[in-house]
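Numbering (this note's numbering), first residue to last: 73 to 496.
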């Protein structure tokens, strides 16, 4: 990413985000650079993930390490992840304070296959890297609008029931019965337990459920909470995320929306999410739609960068790619992500990030304005759900039909790409 993208405000904002994120997770957050504003990925300071097929090789490689690296052998976690296909290790304290990536570098130089082991990365609601955003592109803003934007679009017909699961920060139950947000009637989910003082990222899942429902009003929507009401700073470790995704599958969805993701060490594919696909999702008629991230760069952002996932970048209202949107391998298609208006909890929110740090925003209309690839993704998830509902198509056929309907365009920042029209 070019240095011109990284101004003083952006660096302060990124530093603010990481400081708050570490505090929200009891200090169990590390990053790959000395200066937090320059981070590429964020990880647990003591955990390592390994495919079960590589576990013996990993343990042999660790046993051959110089005794001056680890104080004792790593401990295998007792939790069975994906029926044992994903193994989680806890690294003891390192003698010279080496980070988990430092130890993995040593193991790979000693012969361990590159990418066989990985840090346990923190997955965050539509995050970013250097000069980017460990969050949506902006914090939520008040709005005087009383209707959602993009607007509600009635379905032409309904051929079958469709289930969408939004894996996110949880659900604000009052929004489902609020006369100001009738499009959310019938939505359910894990209660994000909001009070009058709104936590960072509170309302993120509710807002996204609203975007889905405006596009696909006949769809059943459940919000699965991985960072309830912003607890944990809006993030979850990738090894814990697969447990949430397994819970999401229990609702028999045809579409899962994940407005979250991460960069990884050396840009290797996320081990946990790769195994989730191989041993869970691949067997189902279900598609995963994910946000491409808000870094303004082309490096892989997982899971959006997987070829089995629909990665969604952001457009402005004039059809240009948003200046914050990731592009390249992480964005299969682009949809409106700038200045969405949708449902949001009532309460008081204190901004945490520069340049608005300390500003107080009062939400009392049941609505907010928000921007980011987080909100472009549910437009696409909703379009796929709508296609299934109206035609009776399989999830994968509906995905292919929606992607085939995208217009070819070119943009000075990202070059040739495909984008969906605002309304179906």
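Glycine included, every Cβ here is placed at the ideal spot set by N, Cα and C.
Note that this is a predicted model, so its numbers are computed, not measured.
Reduced DSSP secondary structure (H/G/I, E/B, other) of residue i
i	result
residue 426	coil
residue 203	Summary for residue 203: the model assigns pLDDT 44, below 50, so the residue's position carries little reliability, and this model does not support an answer.
residue 318	helix
residue 154	coil
residue 335	coil
residue 234	coil
residue 450	helix
residue 282	helix
residue 116	strand
residue 101	coil
residue 442	strand
residue 344	helix
residue 148	strand
residue 418	coil
residue 159	strand
residue 92	helix
residue 256	helix
residue 368	coil
residue 271	coil
residue 407	strand
residue 185	coil
residue 166	strand
residue 495	coil
Identity of the residues DSSP links to residue i by a beta bridge
i	result
residue 392	Paired residue(s): none; residue 392 is not in a bridge.
residue 349	According to DSSP, which records beta bridges pairwise, residue 349 is partnered with nothing at all.
residue 381	360
residue 490	480
residue 193	115
residue 505	It is not possible to answer for residue 505, since the shown part of the chain is limited to 73 through 496.
residue 263	243
residue 106	None, per the DSSP bridge assignment.
residue 217	Per DSSP, none; premise fails for residue 217.
residue 313	Partner(s): none; residue 313 has no beta bridge.
residue 121	160 and 190
residue 276	Residue 276 pairs with nothing; no bridge assigned.
residue 413	221 and 441
Residue environment, residue i, which counts as buried when at least 16 other CB atoms sit within 10 Å
i	result
residue 418	buried
residue 479	exposed
residue 105	exposed
residue 344	buried
residue 462	buried
residue 275	buried
residue 264	buried
residue 144	exposed
residue 119	buried
residue 95	exposed
residue 140	exposed
residue 325	buried
residue 314	buried
residue 458	buried
residue 122	buried
residue 200	For residue 200, the predicted model reports a pLDDT of 44, less than 50, meaning its position is unreliable and no value from the coordinates is stated.
residue 436	exposed
residue 136	exposed
residue 231	exposed
residue 125	exposed
9 angstroms Cβ cutoff met for residue i and residue j
i	j	result
residue 453	residue 465	no
residue 519	residue 394	Since the displayed the chain opens at 73 and closes at 496, residue 519 lies outside it and no answer follows.
residue 111	residue 90	yes
residue 477	residue 492	yes
residue 233	residue 277	no
residue 184	residue 130	yes
residue 256	residue 421	no
residue 327	residue 235	yes
residue 364	residue 249	no
residue 397	residue 440	no
residue 210	residue 443	yes
residue 242	residue 295	yes
residue 220	residue 412	yes
residue 247	residue 415	yes
residue 374	residue 334	yes
residue 159	residue 225	no
residue 187	residue 340	yes
residue 361	residue 329	yes
Where the alpha helix (DSSP H) through residue i begins and ends
i	result
residue 471	467 to 476
residue 131	127 to 135
Bounding residues of the beta strand (DSSP E) (the contiguous stretch that carries residue i)
i	result
residue 433	432 to 435
residue 172	Careful: residue 172 lies outside any beta strand (DSSP E), inside the alpha helix (DSSP H) at 172 to 181.
residue 401	Residue 401 -> no beta strand (DSSP E), and no H or E assigned at all.
residue 292	292 to 297
residue 308	307 to 309
Cβ-heavy atom distance, residue i to the ligand ZN, below 8 angstroms
i	result
residue 372	In the structure shown, the ligand ZN is absent, as is every other ligand, since no ligand is present at all.
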